[in-house]
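If you want my numbering, it's the position in the sequence shown, counting the first as 1, plus 30.
Positions of the beta carbon are idealized from the N, C-alpha and C atoms, including for glycine.
Everything numeric in this text was worked out from a predicted model, so none of it was measured.
One structure is given below, encoded as structure tokens.
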Amino acid sequence: MQDKATDDYILIVDDSPDTLRFLTDVVEETGASVLVASSGEEALRVIAEVTPSAILLDAVMPDMDGFETYRRLKRNGLLRFVPVIFMTGLSETEHIVNGFEAGGVDYLVKPVAPSELVARMQVHLSNGKVAQSAYSAMDEAHRYLLAVTMQGEILWSTPQARKLIDGLNVVGGKNE
């Protein structure tokens, strides 16, 4: 794996203590720091305190499954570029599609092969950092950029564009 420590914090969410131990060992070997949550609710509490670099999320957990946990986590705007990799024993196409539709960047079927997990995690960490860097550069350059659906719904925008839009909505009396 890696010899050097990184600045990465990986949140591992799984209801199985054995799986948490296994994944923690694998991730720590990369030099990343590990944050652990054994439920969706606990993951939400961790996220309120620390923004991780990536999230490894079990899809099947009691009370709140991984897909619902992810939907709630993504409400936090700070997690915009944080990659989420779903992990589960569910290997049917419908479950994999559900993971991607929920917004995950990847989907691993358990049992997870350590080298595959590390390779996928490192690719997604790198992509997330590039996206965050580009977003920050656009904001620093005071660019007014946004992406919209065919219906005009905003998918994303730079902070500068968001300020402009919010100002227009207030002036136009909409105050959305």
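Query, Result
"What are the residues that DSSP puts in a beta bridge with residue 66?", "42"
"Rank 65, 112, 125 and 121 by C-alpha distance to the C-alpha of residue 154 and give the top, closest one.", "112"
"In this structure, does DSSP put residue 118 in helix, strand or coil?", "strand"
"Just the Cα atoms here: how many angstroms apart are residue 65 and residue 99?", "16 angstroms"
"What separation, rounded to the nearest whole angstrom, lies between the Cα atoms of residue 82 and residue 158?", "11 angstroms"
"Taking the beta carbon of residue 128 as the centre, do at least 16 other beta carbons fall within 10 Å, making it buried, or is it exposed?", "buried"
"Is the segment 135–151 in contact with the segment 106–122, if contact means three or more CB pairs nearer than 8 angstroms?", "yes"
"Can you name the residues that DSSP bridges to residue 86?", "42 and 115"
"One question on the structure: do residue 188 and residue 198 come within less than 8 angstroms of each other, judged by their Cβ atoms?", "no"
"In three-state DSSP terms, what is residue 137?", "strand"
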